[in-house]
Amino acid sequence: MGWKSRLPLGLAIAFIVVAPAIFGSFTITLMNYIGIYAFAVLGLVLLTGVGGLTSFGQAAFVGIGAYATAWYTAVHGGSPWIGLLLALLLTGLVATILGAATLRLGGHFLPLSTIAWGVAIFFLFGNIDAIGRYSGLSGIPAITIGPLSLGGNTAMYCFIWGLLGFVMLLCRNLLDSRKGRAIRGLRGGIAMVESLAIDFFRMRLAVFVLAGMLAGLSGWLYAHMQRYVSPAPFDIRPSIELLLMALVGGAGHIAGAVVGAAAITLLKNALQDVLPLFTRYSAQLEVVAFGVLFVVILQKARAGIVPMIARYLPRPRLVVPGQVPPLARRGRPVVSGQAVLTIQGATKRFGALAAVNDVSFEVKGGEVLGLIGPNGAGKSTLLNLITGTAKPNAGRIMFLDDEVTKLAPRDIAGKGVARTFQHVKLRPNMTLLDNTLLGTYSRTRSGFLAGAIRLDREEEKSAQCEALQQLKRVGLAEKAGELAGSLPLGQQRLLEVARALAADPVLVILDEPAAGLRSLEKQILSRLLRTLRNEGMTIVLVEHDMEFVMNLVDRIVVMDFGSKLAEGVPAAIRAEPRVQEAYLGGVA
Ligand code: ADP
Ligand code: MG
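Residue 244 in this note's numbering sits at position 242 of the sequence shown; the count goes up by one each step and never skips.
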């Protein structure tokens, strides 16, 4: 079964290897351009397809890379290899500055700002004397490796495609590592990402810089192949073409970069051959043809070519790691009976509405506390205050010995508070295992480089073991290799619980974990929560199923209209007349 899923890759590599022996110079040149574009498109795949950040400025980064090396080698006679260093440094630097300024913008502002930036850089290139204004720079030398010059077509071909293969491998490794999973998680939104102790903004910045540097690499190759640069190829239109390549190829897939670059380059070439036979306005018609293609893709084949092919291939089998050392535990500093969570006068207002109004209570170590109340009582808002997702207008929240009222959600999560959401927040296109592995982020260390060159395998195996263990606890181990999106809602909730547990938390916060669960699944959850309590974990849960709550929890806090209505052991709450009136009604 393994070979079948690898067949397309094998064929592609074989084709690329034998191409120079089959094709003439024209085709090899064309393939060189495809390879060069593929680097920049690869950046967009990571940024847009995987990270969910649309950029219309990718060609501008290609331009910076190209101009950096052109200026250094053609004007100052330097080595192309130092030019490469310069290209990467400059694109990385510009991306960092630009990203820091714009990546906090939400909604459509980010894509819009990349358009502005893409246009601006074009005029900048065209107006600087030192880089030849609109006429550009010529006399760029070929790349040399020792005595070997890459001035020839075929030599450049081997270099470009060899390098591309290597860089794609690094990117694949990265996406399959701790940091890469965090990048893949970005589309889950800030609340999900930060609840896993991941810095949302920095992760966005990292992928933006990575994409910029891949474009810089593309620009470096472009300058030394073309031996001449001018501003035109780095305008906004080529940026849109790069984005189109990513879309056509399959923006979520690394292979999509090559497939998309090839498809669009060949199509463009064909149009340039064919259109002049019919009309004098071929250049304009080409633009129209691409516009139509863009719309058709967005309407009909949003996922792109690679996912269409991948659908017919068997999914790679999950390799279960053997005996590996377990991930380090967080060490539970909690003595049973000690306060783990203290809420003092917490208040959260939305305009005139006090969603949480002066609520105080304590949760002790090893306790399961049920938070109940009618819809709109403020339960979820209170959980958001505890986890830092929302900030209170008044009051204090203490976790163990620290005040966490003003901390970012990621920092609270890092202290050992894990949570699930009332509206499930998972990555449907990631496997159950990968979703659960996201939970281990705070317990693992590997960085970008370690992930890319696979120095993280030991830790990764331990993390996988941990994730599988948690999946087993919620009864989902057999489905570890399936996509989370294929699960029914009830099981998605259980998956969120597994992800929360993978963080080895001190305190687990569950917002309606049993909603949508079938009775067997409820039993699994109930048994699991009991086991966790016996292990010393502290749990706060919101739940509407009274039987579930009453049989499970040690204590209950009742909320109504934002205020705390009552607090006590289940039997006392059941007997409380005010609670019956406000909430339990006929149930009791
Ligand atoms: P519960 O979880 O108990 O059903 P919530 O905490 O979700 O209640 O909501 C409490 C109240 O606060 C509701 O009236 C809800 O409409 C309001 N609310 C919650 N979140 C927001 C928000 N982000 N903006 C404005 N109002 C909100
Ligand atoms: Mg709620």
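By construction, the Cβ of each residue, glycine as well, lies at the ideal position given by its N, Cα and C atoms.
Near ligand 2: Val-290 beta-carbon under 8 angstroms from a heavy atom: No, since every heavy atom of ligand 2 falls outside the 8 angstroms radius drawn around the Cβ of Val-290.
Rounded separation between Gly-148 and Ile-84 - CA only: Going by the C-alpha atoms only, they are around 14 angstroms apart.
CB contact flag (Phe-17, Leu-166, <9 angstroms): Contact annotation: Phe-17 and Leu-166 have beta-carbon atoms that are not nearer than 9 angstroms.
Runs of alpha helix (DSSP H) wholly within the segment 320–403 (minimum 4 residues, chain order): Within the segment 320–403, the complete alpha helix (DSSP H) runs of at least 4 residues are 381–389.
Inter-residue Cα distance where the pair is Lys-366 and Ala-341: Spanning the alpha carbons of Lys-366 and Ala-341 requires a straight line of approximately 4 angstroms.
Limits of the unbroken beta strand (DSSP E) element including Leu-543: Taken as a continuous stretch (DSSP letters only), the beta strand (DSSP E) holding Leu-543 covers 540–544.
Where Met-432 falls: helix, strand or coil (DSSP): Looking at Met-432 - three-state DSSP - the assignment turns out to be coil, as it is neither helix nor strand.
Residue from Phe-203, Ala-157, Val-510, Val-290 with nearest C-alpha to Gly-101: Each of Phe-203, Ala-157, Val-510, Val-290 was checked against the Cα of Gly-101, and the nearest Cα belongs to Phe-203.
Per-residue burial, Val-589 [other beta carbons within 10 Å of its own, 16 or more giving buried]: Interpretation of Val-589 is limited by its pLDDT of 46, a score under 50 that renders its predicted location unreliable; the figure taken from the coordinates is listed afterwards. With fewer than 16 other CB atoms across the displayed protein chains lying within 10 angstroms of its CB, Val-589 is exposed.
Whole-number beta carbon distance between His-255 and Pro-318, since they are thought to touch under 8 angstroms: 13 angstroms between Cβ atoms; not a contact.
Cβ-based neighbour list, Pro-394, same chain, cut-off 7 angstroms, excluding 5 preceding and 5 following: Once the five neighbours on either side are set aside, the close Cβ partners of Pro-394 are Ala-348, Thr-349, Lys-350, Leu-387, Thr-407.
Reduced DSSP secondary structure (H/G/I, E/B, other) of Asp-237: In the structure shown, Asp-237 sits in coil (DSSP, three-state: anything other than H, G, I, E or B).
Through-space distance from Thr-442 to Leu-49, alpha-carbon basis: If you take the alpha carbons of Leu-49 and Thr-442, they lie about 23 angstroms apart.
Reference Gln-60; option with closest CA among Ala-103, Ile-162, Gly-218: For the residues Ala-103, Ile-162, Gly-218, the minimum Cα distance to Gln-60 belongs to Gly-218.
Sequence ranges, alpha helix (DSSP H) only - wholly within the segment 476–553, length at least 4: Listed in chain order, they are 491–503, 521–536.
Sufficient close CB pairs (3 or more, under 8 angstroms) joining the segment 468–482 to the segment 525–539: Result yes; three or more Cβ-Cβ pairs closer than 8 angstroms.
Assigned exposure category for Ala-354 - 16 Cβ within 10 Å defines buried: With fewer than 16 other Cβ atoms within 10 Å, it is exposed.
Any heavy atom of ligand 2 within less than 7 angstroms of residue CB: hits in chain order: Those residues are Lys-381, Ser-382, Gln-424, Asp-513, Glu-514, Val-544, given in chain order.
For Gly-570: DSSP bridge partner residues: According to DSSP, residue pairing for Gly-570 in a beta bridge involves Ile-558.
Pro-233 beta carbon less than 9 angstroms from that of Gly-306: Against a cut-off of 9 angstroms, the Cβ pair of Pro-233 and Gly-306 comes out as no contact.
Collapsed DSSP secondary structure at Ala-144 in the structure displayed: DSSP places Ala-144 in coil when its eight states are reduced to three.
Through-space distance from Leu-315 to Met-3, alpha-carbon basis: Residue placement at Met-3 is poorly supported in this model, since its pLDDT is 48, which falls under 50; the coordinates still yield a value, given next. Computed Cα separation, rounded: 10 angstroms.
Bridge partners - Leu-230, DSSP secondary structure assignment: The sequence shown places Tyr at residue 230, rather than the Leu named in the question. Paired residue(s): Ser-140.
Limits of the unbroken alpha helix (DSSP H) element including Arg-412: Taken as a continuous stretch (DSSP letters only), the alpha helix (DSSP H) holding Arg-412 covers 411–416.
For Tyr-74, the nearest candidate out of Trp-222, Phe-168, Leu-95 (CA to CA): Relative to Tyr-74, the option among Trp-222, Phe-168, Leu-95 whose CA is nearest is Trp-222.
Any non-hydrogen atom of ligand 1 closer than 8 angstroms to Pro-278 Cβ: At a cut-off of 8 angstroms, the beta-carbon of Pro-278 does not count as near ligand 1: no heavy atom of the ligand is closer than that.
CB of Arg-183 within 9 angstroms of CB of Met-548, strictly: Not in contact: Arg-183 and Met-548 (Cβ atoms no closer than 9 angstroms).
Nearest neighbour of Pro-113, chosen from Arg-447, Leu-46, Asp-178 [CA to CA]: From the listed residues Arg-447, Leu-46, Asp-178, the smallest Cα separation to Pro-113 is found for Leu-46.
Any non-hydrogen atom of ligand 1 within 8 angstroms of Val-559 CB: For Val-559, the Cβ stays outside the 8 angstroms cut-off from all heavy atoms of ligand 1.
Whole-angstrom distance between Thr-116 and Thr-540, CA atom to CA atom: Roughly 46 angstroms separates the two Cα atoms.
For Arg-421: DSSP bridge partner residues: DSSP, once it has assigned bridges, lists Ile-511 as partnering Arg-421.
DSSP-derived helix/strand/coil call for Leu-150: Per DSSP, reduced to three states, the secondary structure at Leu-150 is strand.
Bridge-paired residues (DSSP) for Ser-565: Paired residues: Asp-562.
Three-state secondary structure (DSSP) of Glu-405: Strand, per DSSP.
Whole-Å CB distance - His-226 paired with Ala-144, under 8 angstroms assumed: Contact holds; Cβ gap of about 6 angstroms.
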